[in-house]
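Structure record follows, encoded as structure tokens.
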Amino acid sequence: MIILHSRLNWWAAFLLIILISLIRVQTSWAQNVIWVSAEGTAPVTSNNRNKARKQALETAKQNAIVVALASGVTAETLLVNFRLSGSILGTIPYGKIVKKKIVDEGLVKVDGQDQDKQYLYRVRIKAGVVEQVGEEDPSFYLDTAINQSIFKNGDELKIQIRSTKKCYFAVFNILEDNKIIPLLPNDYFKKNYLATNEKFVFPGKAHRKKGFKIRVHLPESKTVVTESIYILALLHPFALDLNEVKKDDHRMINDQKALIKELIRKVVGIPVKSRAEALMQYEIRKTKKETI
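Using our numbering, the first residue of the sequence shown is number 16, and each one after it goes up by one.
Written out as structure tokens, the structure reads:
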């Protein structure tokens with residue numbers, strides 16, 4: 016065994032710290048910082064300008080990351096990947112803002128809006144964005160199930176979700192004609208948080224007591240169709256803004272591309288290890304009696 020003099024030990028430790036610092040500096044220099052301009056807006060409700068400013072700034076930051084890293088990720092690409100692999104998250108990169116500057120902010124009047132929402136707060140920023148390389152966390156996943164794999168017309172569908180980590184989630188029903196119904200959260204049931212290993216059933220007893228059920232329906236011209244339940248989960252709070260997404264009278268989303276763009280905007284700033292998703296497919300079939 017070799018024992019160094021205490022003074023030599025001190026110098027060795029000092030040189031090691033300098034070396035580590037230089038490596039870190041070189042790593043930061045090597046990062047490819049992409050500078051972009053972006054803006055975000057939010058309605059000013061109940062004269063709460065500070066809340067609107069915070070929301071607008073957060074939206075501007077999300078938009079900056081999208082412009083820098085995800086402008087080449089088209090909705091068509093994600094939809095093709097989704098149909099082939101059942102994954103949307105795998106195609107969305109991850110980036111973060113390393114530096115930002117607010118170049119302009121203030122109130123913008125909106126004509127023809129509700130009295131409580133006649134002003135928007137707008138924030139314009141210049142931001143430096145760096146793409147991050149990350150890996151999925153194998154300990155964060157969703158354990159999901161539906162009550163049947165094959166349904167008859169009018170059968171009731173139930174969804175069961177369990178997450179290995181506390182998370183925030185959204186549930187979508189993707190129909191045979193590619194229309195999408197946002198199931199959770201919705202105007203009546205706002206829940207989108209799961210505790211670790213919490214077993215969540217939807218619709219559960221509380222939902223059913225209020226008369227809420229999910230029933231599958233077969234298009235008249237079809238004898239069998241395949242539909243899906245898609246669940247997105249993130250470790251960070253999120254809320255999808257679907258106000259600008261076109262929906263019909265039954266709240267079905269007709270514009271998948273607009274929904275995908277909103278998903279990209281919310282996910283691109285979330286680390287890969289903080290994302291999870293699940294896809295469950297099922298069939299709806301006509302009975303022999305219905306076919307006759």
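Even glycine gets a Cβ: it sits at the ideal position worked out from N, Cα and C.
Small disclaimer: the values here were computed from a predicted structure and weren't measured.
| Asked | Found |
| --- | --- |
| Tell me, please, whether the stretch 244-258 touches the stretch 183-190 by the rule of three or more beta-carbon pairs shorter than 8 Å. | yes |
| When the Cα of K237 is compared with those of F155, A291, E298 and K194, which residue comes out closest? | E298 |
| Under a three-way DSSP split, which group does F204 fall into? | coil |
| Looking at E292: is its Cβ nearer than 8 Å to the Cβ of L72? | no |
| State the CB to CB distance for the pair I117 and V138, rounded to an integer number of angstroms; the pair is presumed to be in contact (CB under 8 Å). | 6 Å |
| Tell me the rounded alpha-carbon separation between S228 and F97. | One point to set straight first is that residue 228 is Lys, not Ser, in the sequence displayed. Approximately 27 Å, taken between the alpha carbons. |
| CB Y208 to CB T179, shorter than 8 Å? | no |
| By Cβ distance below 6 Å, which residues in the same chain neighbour A75 in space, the five residues on each side in sequence not counted? | A53, E54, G55, V138 and I140 |
| Label T159 either buried or exposed according to how many other C-beta atoms from any shown protein chain fall within 10 Å of its C-beta, with 16 as the threshold for buried. | buried |
| What whole-angstrom Cβ distance do Y136 and R64 have, given they're in contact under 8 Å? | 6 Å |
| Would you mind working out which of T211, E235 and V113 sits nearest I176, comparing C-alpha positions? | T211 |
| Rounding to the nearest angstrom, what Cα-Cα distance links I38 and K114 in this structure? | With a pLDDT of only 48 at I38, under the threshold of 50, the placement of this residue in the model should not be trusted, and no figure is reported. |
| Under three-state DSSP, which class holds L247? | strand |
| Going by beta carbon distance, what residues of the same chain come within less than 6 Å of R280, once the five residues before and after it are set aside? | Q77 and V81 |
| Please tell me whether L274 and I196 are closer than 8 Å, where the distance is taken between their beta carbons. | no |
| Tell me which residues share the same chain as K173 and place their Cβ nearer than 8 Å to its Cβ, disregarding the 5 neighbours each side in the sequence. | I161, N162, V216, F217, P218 and I229 |
| Tell me the DSSP bridge mates of E120? | V138 |
| Could you pull out every unbroken alpha helix (DSSP H) segment of at least 4 residues lying fully inside the stretch 169-230, listed in chain order? | 220-224 |
| In the structure shown, what three-state DSSP assignment does L255 receive? | coil |
| Under a three-way DSSP split, which group does T92 fall into? | helix |
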